[in-house]
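Each remark here refers to the structure printed beneath this line.
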Amino acid sequence: MTITAAVHAPSPEDNRVLGFTIPAHSGRGRAMRLGDTLGVILSAHDYPPVAAKALGEALILTALIGSALKGEGAQTTVQAKADGGAIGLIVCDYRAGELRGYLQFDAEALAQLSDGADLPQLFGEGYLAVTIDPAEGKERFQGIVPLEGANLCEAFQHYFESSEQIPTVLRAGVRQDETGAWHAGGILVQHLPRGEQDRERLHVADDREDWAHLHAITATVSAAELTDPDLSLEALLWRLFHEDEVRLLPPTPLSRGCRCSASHIEDRLGALPEDHRADLRDDDGKVRVDCEFCAKQFVVAI
Ligand SMILES: [Zn+2]
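FYI, in the numbering used here the residues of the sequence shown are 11 to 312.
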């Protein structure tokens, strides 16, 4: 392989989430990168850069939440719905390393915004709903919080504080380089709830110091570090937590995935009663179904 080919070859390290624990400080977390996978997701749509960046951030946060679930068929769906801003809707979901997402925006309102637009400018007022379906017969959980804070990370932090009640710090970075390629990365660090297995310290006084320490270090992570393809996740975690004896867990590869297909849609619609199916049919007897994630229309006969 020539050096040029090596530089342009997609890096397998670019699309994965890596769990870690910091037992000495009752911490755990996940760090992740989305390289060409983000480009593939965005390529189904024609989003202006500000919108693409917002969807990238939402996808990172969805993967950081969703990758905590290991059950077969487990799925995490994130929906941000808003009025009065440039973006009206973001929907993302994560299932077994597969990510998909789309957003709806007002082109005129978006054109007025700068690259550094804050959350109120992007969304106006709205809410963030996180739905966790652990599958395997376990109960579904939904947490809804107002879409508040300076950015999406802060809005998701509110979700963890109010719905899961776990001290959590989140950072995310998304950028497009001079060749047009997208780079995205994120990190989530949490304080383990009292009494969890990995916990080694049980004194409440230590608790606050442990969390303050983890929070302070995570807050130093820059968007440049999170989106630097030359800095591996391992190297980043080592840079941050080498004095804290960080322990790495096996990584999960991330890719773009959607369940839409003509046969899947036919199976789903075919299970409906005939009078429902008749309502769905167009004049030519076919049913047209849009997949918003893929910006594709399926025409099926049922
Ligand atoms: Zn699709």
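Even for Gly, the Cβ is constructed at its ideal location relative to N, Cα and C. Note that the structure is a prediction, hence the values are computed from the model and not measured.
Proximal residues to residue i (C-beta, below 7 Å), its chain only, five neighbours per side dropped
{"i": "leucine 315", "result": "The shown model of the chain, from 11 to 312, leaves out residue 315, and the question about it has no answer."}
{"i": "alanine 92", "result": "Gly98, Phe133, Gly134, Glu135, Gly136 and Leu157"}
{"i": "leucine 48", "result": "Gly66, Leu69, Trp192 and Ala194"}
Alpha-carbon to alpha-carbon, residue j and residue i
{"i": "valine 184", "j": "histidine 193", "result": "6 Å"}
{"i": "isoleucine 70", "j": "glutamate 174", "result": "19 Å"}
{"i": "aspartate 103", "j": "alanine 288", "result": "31 Å"}
{"i": "phenylalanine 151", "j": "threonine 141", "result": "6 Å"}
{"i": "isoleucine 312", "j": "aspartate 300", "result": "16 Å"}
{"i": "aspartate 254", "j": "alanine 226", "result": "13 Å"}
{"i": "histidine 168", "j": "proline 130", "result": "15 Å"}
{"i": "glutamine 114", "j": "cysteine 304", "result": "13 Å"}
{"i": "aspartate 293", "j": "cysteine 270", "result": "24 Å"}
{"i": "valine 179", "j": "threonine 228", "result": "7 Å"}
Nearest-angstrom beta carbon gap, residue j and residue i [assumed within contact, 8 Å]
{"i": "leucine 264", "j": "leucine 28", "result": "The Cβ separation is near 10 Å, so there is no contact."}
{"i": "alanine 84", "j": "arginine 105", "result": "7 Å"}
{"i": "glycine 45", "j": "proline 239", "result": "6 Å"}
{"i": "leucine 198", "j": "glycine 39", "result": "5 Å"}
{"i": "threonine 72", "j": "valine 88", "result": "5 Å"}
{"i": "lysine 165", "j": "isoleucine 154", "result": "Note on residue identity: the sequence assigns alanine, not lysine, to residue 165. No, alanine 165 and isoleucine 154 are not in contact; Cβ-Cβ is about 11 Å, not under 8 Å."}
{"i": "threonine 31", "j": "arginine 257", "result": "5 Å"}
{"i": "arginine 266", "j": "valine 50", "result": "5 Å"}
{"i": "glutamate 302", "j": "tyrosine 112", "result": "5 Å"}
Residue i in three-state terms, based on DSSP
{"i": "serine 265", "result": "strand"}
{"i": "glutamine 131", "result": "helix"}
{"i": "valine 299", "result": "strand"}
{"i": "histidine 201", "result": "strand"}
{"i": "arginine 257", "result": "strand"}
{"i": "phenylalanine 30", "result": "strand"}
{"i": "leucine 138", "result": "strand"}
{"i": "glycine 66", "result": "helix"}
{"i": "glutamine 152", "result": "strand"}
{"i": "tyrosine 112", "result": "strand"}
6 Å Cβ shell around residue i - same chain, five flanking residues per side excluded
{"i": "aspartate 220", "result": "His35 and Ser36"}
{"i": "leucine 212", "result": "Model confidence at leucine 212 stands at a pLDDT of 49, short of 50, so the residue's coordinates are unreliable; what they give is reported in the following sentence. Excluding sequence neighbours, leucine 212 sits near nothing in its chain."}
{"i": "alanine 62", "result": "Leu52"}
{"i": "proline 260", "result": "none"}
Cβ-based neighbour list, residue i, same chain, cut-off 8 Å, excluding 5 preceding and 5 following
{"i": "leucine 279", "result": "Arg287, Leu290, Val297, Val299, Val310 and Ile312"}
{"i": "alanine 119", "result": "Gly95 and Ala96"}
- Do the segment 129-138 and the segment 91-99 make contact, defined as three or more Cβ pairs closer than 8 Å? Segments in contact, yes.
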